[in-house]
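Asker: Line by line, the protein sequences give chains A and B. Under numbering that gives the first Met the number 0, the first residue of the first sequence is numbered 0, with each subsequent residue one higher. Under numbering that gives the first Met the number 0, the first residue of the second sequence is numbered 0, with each subsequent residue one higher. Even glycine gets a Cβ: it sits at the ideal position worked out from N, Cα and C. Note that the coordinates shown come from a computational prediction; the quantities given were computed from them, not determined experimentally. Before we start, here is the structure in question, set down as structure tokens.
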Amino acid sequence: MDVSSGDLNAPHSMGTTIIGVTYNGGVVLGADSRTSTGMYVANRASDKITQLTDNVYICRSGSAADSQIVSDYVRYFLHQHTIQLGQPSTVKVAANLVRLLSYNNKNSLQTGLIVGGWDKYEGGKIYGIPLGGTVLELPFTIGGSGSSYLYGFFDQVWKEGMTQEEAEQLVVKAVSLAIARDGASGGVVRTVTINKDGVSRKFFPGDTLPLWHEELEPKESLLDILSTAASPEPMVS
Amino acid sequence: MNVSDSTPAMNNLMGSEADSQRTLYPYVTGTSVVGIKYKDGILLAADMGGSYGSTLRYKTVERLKSVGKHSIIGASGEISDFQEIMRNLDDLILYDNMWDDGNSFGPKEVHNYLTRMMYNRRNKFNPLWNSLVLGGVKNGQKYLGTVSMIGVHYEDNHVATGFGNHLARPLLRDEWHENLTFEEGVKLLEKCMRVLLYRDRSAVNKLQIAKITEEGVTISQPYALKTFWGFSAFKNPTAGAEGSW
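So this is what it looks like as structure tokens:
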């Protein structure tokens, strides 16, 4: 009865919204929590922000399998690198390792990634690594299917040198806006903030997010609305 | 290419001319509709989303409508096709009223009309891309049925379209019983709609519930449901298994 994707010629879209922004002192990584198989939400509370080292994290979008295997390999290589180096790896090295895998396997992989972290040499850094394996060091970047809805938003509100609070609020607001319009994004908003003092994970469930255009305040049940309604005939035909 | 393929008898089977007129895929779509019988009549629920592919484009689409005095219809699928169906139904009711003979179409008749409409279009390879739920009460008799885009139709105590078939019907099989009160019915439908909100990508958190009894039709104002995300497992799902999801 149900026709799922409809047009078989349409480009394969990456379910997810992922964001990485730099601020004055570090970086904030953000993501939604929806993993879908077709139109079914397989996991409504996934964790798309994955740890590579103590000070470097990666946001994953696209194929769950591809992004996980790339993260696992990079974590493994970075671990060895850290031992050999005798000190924490830099964000740049992590990004480059991701690039090697993404670029050299570009025909088999379908994953867009954002690497973000803090090291003592360069401070907070964000690297965008889209399909194909290009690496771009950027003040902020967005990815995943939900990002289409955020280009205009970021064009308008982005500014350099934000405070940690401003950056976190910006990321949460952005992911929440994308969730409102992208069917492939949803669930909760997760953020990971990385700076010289370490890593801080935050979790924003749906009821803590702002309401956007045409969104209503959630209620327990229609029955509560009916019983508290002012007029005698609240239901109209 | 065979000469026999271009004879008039085989014309439509070649596809090239027929293709210019057929519906290939939907554009703006509504997702599940869920319906149950209860003590006083029928309850229908549907969200107000009109998706454009994976974009949640429209959020105030009314997918539950009354048909005459005795029926309500809920539609999922292509919204433009639903609007066309409503034009046909409104005409049907109008002509019925013009007879002015004291008789009016009940839900059974409307359901049958819909079935014929859907099946005949399907036979011409140009379906109305909808799955419909039709419910009503006439002379104390409760009626609840469904029709798909290919003309599959049946009645039951509880029906659903789209994802509702997979997520709502198991819940209804378990918890529906004869003579549900209005409150119980609404709570049950809300339970179904909440699961759909969690698990259907095209669901939006704004819904309406329609009620039909012998007295008449009422469709609620739009409202949103509370959702629960407070499981401890949701806070840090990869705590014990870094790299997983």
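#1: Please state the DSSP three-state secondary structure of residue 217 of chain A.
#2: By DSSP's criteria, residue 77 of chain B is part of a beta bridge. Which residues make up the other side?
#3: Quick check on DSSP: helix, strand or coil for residue 187 of chain A?
#4: Just curious, the beta strand (DSSP E) that residue 42 of chain A is in, first and last residue?
#5: DSSP three-state call for residue 92 of chain B: helix, strand or coil?
#6: Hey, residue 21 of chain A and residue 124 of chain A: beta-carbon distance below 8 Å or not?
#7: Pick out whichever of B:32, B:68, B:178 has its Cα sitting closest to the Cα of residue 60 of chain B.
#8: Short of 7 Å in beta carbon distance, which residues of its chain neighbour residue 157 of chain A, apart from the five on each side in sequence? Order them along the chain.
#9: Pull up the CB-CB distance for residue 30 of chain A and residue 58 of chain A, whole angstroms please, since I reckon it's below 8 Å.
#10: DSSP three-state label for residue 145 of chain B, please.
#11: Helix, strand or coil, according to DSSP, for residue 137 of chain A in the structure here?
#12: Could you work out which residues of chain B lie near residue 241 of chain A, taking near to mean beta carbons separated by less than 9 Å?
#13: Among A:216, A:187, A:113, A:149, which residue has its Cα nearest to the Cα of residue 70 of chain A?
#14: Strictly below 8 Å CB to CB, what residues from chain A border residue 154 of chain B?
#15: Mind checking residue 195 of chain A: buried by the 16 CB within 10 Å criterion, or exposed?
#16: Relative to chain B, which residues along the region 26-42 of chain A have a C-beta separation below 7 Å, given in chain order?
#17: I'd like to know whether the C-beta of residue 175 of chain B is nearer than 8 Å to at least one C-beta of chain A.
#18: Assign residue 90 of chain B to one of two classes, buried (16 or more other C-beta atoms within 10 Å of its C-beta) or exposed (fewer than that).
#19: Look up residue 154 of chain B in the DSSP assignment and say whether it is helix, strand or coil.
#20: Taking all protein chains shown into account, do 16 or more other C-beta atoms lie within 10 angstroms of the C-beta of residue 153 of chain B, making it buried, or fewer, making it exposed?
#21: Using a threshold of 8 Å, state whether the C-beta atoms of residue 194 of chain B and residue 222 of chain A are closer than that.
#22: Excluding the five sequence neighbours on either side, which residues of its own chain have a C-beta within less than 7 Å of the C-beta of residue 12 of chain B, listed in chain order?
#23: Mapping the DSSP letters down to three states, classify residue 121 of chain B as helix, strand or coil.
#24: Using beta-carbon positions only, say whether residue 72 of chain B and residue 171 of chain B come within less than 8 Å of one another.
#25: With H, G and I counted as helix, E and B as strand and the rest as coil, what does DSSP make of residue 200 of chain A?
#26: What does a CB cutoff of less than 6 Å around residue 107 of chain B pick up in its chain, not counting 5 residues either side in sequence?
Answerer: Answer, in terms of the structure:
#1: In the structure shown, residue 217 of chain A sits in a strand (DSSP, three-state: E or B).
#2: Residue 77 of chain B pairs with B:28.
#3: Under the three-state reduction of DSSP, residue 187 of chain A is assigned to coil, being neither helix nor strand.
#4: It spans 39-42 - the beta strand (DSSP E) in which residue 42 of chain A sits, taken as one unbroken run.
#5: If DSSP states are grouped into helix, strand and coil, residue 92 of chain B belongs with the helices.
#6: Taking 8 Å as the Cβ cut-off, residue 21 of chain A and residue 124 of chain A qualify as a contacting pair.
#7: Ranked by Cα distance from residue 60 of chain B, the options B:32, B:68, B:178 are led by B:32.
#8: Around residue 157 of chain A: 139.
#9: Indeed, because the Cβ distance is near 5 Å, the residues count as touching under 8 Å.
#10: Here residue 145 of chain B sits in strand by DSSP.
#11: In this structure, DSSP gives residue 137 of chain A an extended state, which the three-state scheme calls strand.
#12: The structure shown does not extend to residue 241 of chain A, since chain A is modelled only from 0 through 236, so no value can be given for it.
#13: Nearest C-alpha to residue 70 of chain A: A:113.
#14: Chain order gives no chain A residues near residue 154 of chain B, where near means a beta carbon separation below 8 Å; the closest approach is about 16 Å.
#15: Exposed.
#16: Within the region 26-42 of chain A, the residues whose Cβ lies closer than 7 Å to some Cβ of chain B are 34, 35, 38, 39, 40, 42, listed in chain order.
#17: Taking Cβ atoms only, chain A never reaches closer than 8 Å to residue 175 of chain B, which makes this a no.
#18: Per the 10 Å Cβ criterion, exposed.
#19: Looking at residue 154 of chain B - three-state DSSP - the assignment turns out to be strand.
#20: Exposed is the label assigned to residue 153 of chain B, since fewer than 16 other Cβ atoms lie within 10 Å of its Cβ.
#21: Result no, Cβ atoms of residue 194 of chain B and residue 222 of chain A do not sit closer than 8 Å.
#22: Residue placement at residue 12 of chain B is poorly supported in this model, since its pLDDT is 48, which falls under 50; the coordinates still yield a value, given next. Excluding residues within five positions, none has a Cβ falling inside 7 Å.
#23: Residue state, collapsed to three classes: helix.
#24: Taking 8 Å as the Cβ cut-off, residue 72 of chain B and residue 171 of chain B do not qualify as a contacting pair.
#25: If DSSP states are grouped into helix, strand and coil, residue 200 of chain A belongs with the strands.
#26: Hits under 6 Å: 142.
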